[in-house]
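In terms of the working numbering, the sequence shown has 441 at position 380, counting the first letter as 1, and numbering is strictly consecutive.
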Amino acid sequence: MKRLLTTVYAICFLILTFAFISCGDRDLKRGERSISASDLAEYVKALGSDDFMGRKPFTGGEKITTEYLAEQLKRIGFEPAFGDSYFQKVPAVEITSQIDDQIVIKNGNRIIKMSAPDDIAVISPRLTEQVSVKESELVFAGFGINAPEAGWNDFEDLDVRGKTIVVLINDPGLYTGDPTLFKGREMTYFGRWTYKYEEAARQGAKGVLIIHETEGAGYQYTIPRKSSISPKLYMQPAAGNESNSSQCEFTGWISAQAADSLFSLEGYDVDQLRKEACKKGFRGFRMKSVLSLEIKNTYTFNTSTNVAGLLKGGKNADECIVYSAHWDHFGIGEKENGDSIYNGAVDNGTSMAWVFEIGQAFSSLGKLPDRSVILFFPTAEEQGLLGSSYYTENPAFPMEKTVACFNNDLMLPIGKMKDIMITGYGHSGLDDMIAEAAARQDRYASPDPNSHTGMFYRSDHFPFARKGVPSAFARGNLESREHGREWTSAQETDYINNRYHRPADNYEPDKWDLEGIAEDARLAFYIGYRLTTTDYWPQWKRGSEFHRQETLGAR
Ligand SMILES: [Zn+2]
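Spelled out as structure tokens, the structure:
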């Protein structure tokens, strides 16, 4: 009798489990099936059209874009994430720097005139109308890094207070390839220009110039050049810091060529100097040259807008998974080939479409997911991750209740991929979930082979990671199923060189194949589906610099 009962129980259990699995399976399949390339195309067609005017914060393009996003969230069944609103106001200040086109460098009685922005691309982040720099002493400060944990300090015994520092881009690991130096060729945060500006200010420098180098920067000089002549957005400075004096008076880049002429005046060769600066114990030095420049600033206070929608969970509704993609781009600007609208179809139209399709998959499930799902479209990513940083300080769900963030950026519409490339590979347990989900699609997960460009620090998952939320930036990017690796890499190079941050980043239905992005959306939906139907918390891996975040204590 007992045995019979046990058998009956076992059978019942099996039936129930089977029913649950097949029901879950059916649900999952329904979600996955709802994702399609043609749906993705509809979103990008709209978001990348001239009607959206390049989606620049503070312009007419902002209103059109954010209203469109809210409308679409509502259409796919997501409710407002901020009380009764889809919108979160992000207080910001926009600064336009105008620089006298001549920057004078004096070395004894030799004078060289550099032009802005072709030789030197600088701006002032200060809320002051006039910045006059007169014969500021230049100091070469190696990589401009102070990293006690790496046993590295370029500022040791170097007096840079009130002076202008000239520093190298990236970190010594890249140029030596030595895996024990920082993270070898993979860029650490110390290699990012944002870090170098922050550190220069902490050291009390008046100004900072980063020597451009294409491999170390991850892009050509045209990028900082263009950025310096465009208005820039900052968070509104806190009380007590009204003029933003916690930042340097001026920040920017010097082109490789201009740096060559500057350092030849000093009797140095830049490449040689870089080699020296990679050696532990290298000491920077006071240069013989002084620099003068004038910057006029105009600024306006304004608020931009984050947009987010919420699908409230059925069981653990206070815990959420975030899918994000920035909505902003560069608006209308310098004309190229007769086109002045920076449509940003790939940056970041395709990723916004990816977010919507994932959201649509969740709302097409037979029942609510256990955990809540947030679709998040931050503003001002291109201006330094402003919208996402603001959100992580003022979130719809507390950071310690945010289970994971999946963000995307620059998803190339070049068809199905064999790989799923993880930027920032090795940081968290999400990597393993991605690898498992990739295998289901007959794909493989791979680290980003160009981790030296520091992409992990360059999009909206980064503020989440800084707050301790395991975050993924993953997309097919390395090996086309049809055309292989070389072709794929040529496509990416072509995009970076000819369309990235340029008016030519257009929606081109005849050339595009969105099937790969649809697969990426199914993959991210699958992982999110698993996370929303369990109470599993992905963890940081040992050795990740985010491992020590305070909020981790809550996990
Ligand atoms: Zn982007």
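Heads up, the beta-carbon is just placed ideally off N, CA and C, and yes, glycines get one too.
Just so you know, these numbers come straight off a predicted model, no measurement behind them.
| Query | Result |
| --- | --- |
| Are three or more beta carbon pairs between the region 138 to 148 and the region 284 to 301 nearer than 8 Å? | no |
| Give me the Cα-Cα distance between Cys309 and Glu543, rounded to the nearest whole angstrom. | 50 Å |
| Nearest-angstrom Cα distance between Ala565 and Lys174? | 33 Å |
| Can you give me the start and stop residues for the alpha helix (DSSP H) that Arg263 sits inside? | 254 to 263 |
| Excluding the 5 residues preceding and the 5 following Thr593 in the sequence, name in chain order all residues of the same chain whose CB lies nearer than 7 Å to its CB. | Gly374, Ile382, Pro430, Asp431, Arg432, Val434 |
| Tell me whether the beta-carbon of Trp59 lies closer than 8 Å to the beta-carbon of Ser489. | Residue 59 is absent from the model: the chain starts at 62 and stops at 616. |
| Ordered along the chain, which non-local residues of its own chain (more than five positions away) have a Cβ less than 6 Å from that of Phe324? | Val331 |
| Please name the residue or residues paired with Met482 in a DSSP beta bridge. | Ser507, Arg536 |
| Does any heavy atom of ligand 1 sit closer than 7 Å to the C-beta of Leu471? | yes |
| Where Thr275 and Tyr384 are concerned, what is the direct C-alpha to C-alpha distance, given to the nearest angstrom? | 31 Å |
| What do you reckon, are the CB atoms on Ser425 and Ser95 nearer than 8 Å? | yes |
| Where Thr612 and Tyr452 are concerned, what is the direct C-alpha to C-alpha distance, given to the nearest angstrom? | Low local confidence applies: a pLDDT of 37 at Thr612 is under 50, so the model's placement there is unreliable, with the coordinate-based value given in what follows. Straight-line Cα distance between these residues: approximately 16 Å. |
| Taking all protein chains shown into account, do 16 or more other C-beta atoms lie within 10 angstroms of the C-beta of Pro118, making it buried, or fewer, making it exposed? | buried |
| So, helix, strand or coil for Glu155, using DSSP? | strand |
| For Asn511, count neighbouring Cβ atoms within 10 angstroms of its own Cβ and tell me buried if that reaches 16, exposed if not. | buried |
| Within a Cβ cutoff of 6 Å, which residues of the same chain sit near Asp470, ignoring the five residues on either side of it in sequence? | Asn409, Ser412, Ser520 |
| Which partner residues of Leu352 appear in the DSSP bridge assignment? | Ile166, Ser197 |
| Among the candidates Lys357, Pro570, Leu294, whose CA atom is the shortest distance from the CA of Gly445? | Leu294 |
| Ends of the beta strand (DSSP E) at Glu443? | Taken as a continuous stretch (DSSP letters only), Glu443 belongs to no beta strand (DSSP E), as it is neither H nor E. |
| So is the beta-carbon of Ser350 under 7 Å away from any non-hydrogen atom of ligand 1? | no |
| Between Ser325 and ligand 1, is there a pair consisting of the residue's CB and a ligand heavy atom that are separated by less than 7 Å? | no |
| Could you tell me which whole beta strand (DSSP E) segments of length 3 or greater appear in the region 329 to 390? | 346 to 372, 377 to 385 |
| At what residues does the beta strand (DSSP E) containing Asn468 begin and finish? | 463 to 468 |
| When the Cα atoms are used, what is the spatial distance from Phe437 to Ala262? | 32 Å |
| Going by DSSP, what residue range makes up the alpha helix (DSSP H) through Phe324? | 317 to 327 |
| Relative to the C-alpha of Ser176, which candidate in Ser322, Lys376, Arg546, Glu395 has its C-alpha closest? | Ser322 |
| Exposed or buried, what is Gly212 when buried is set at 16 or more other beta-carbons lying within 10 Å of its beta-carbon? | exposed |
| I need the boundaries of the alpha helix (DSSP H) containing Gly475, first residue and last residue. | What sits at residue 475 in the sequence shown is Ile, not Gly. No alpha helix (DSSP H) holds Ile475; DSSP gives it neither H nor E. |
| Does at least one heavy atom of ligand 1 sit under 7 Å from the Cβ of Asn404? | no |
| Using a threshold of 7 Å, is the CB atom of Asp581 nearer than that to any non-hydrogen atom of ligand 1? | no |
| Return yes when the Cβ of Thr157 is within less than 8 Å of the Cβ of Thr359, no when it is not. | yes |
| Which one or two residues does DSSP pair with Thr312 in a beta bridge? | Ile184, Val269 |
| Please list, in chain order, all residues of the same chain as Gly277 whose beta carbon is under 8 Å from its beta carbon, the five residues on each side excluded. | Leu229, Ile230, Asn231, Leu235, Tyr236, Gly252, His513 |
| Taking the continuous alpha helix (DSSP H) assigned at Asp492, which residues delimit it? | 491 to 501 |
| Taking buried to mean at least 16 other C-beta atoms within 10 Å of its own C-beta, is Asn559 buried or exposed? | exposed |
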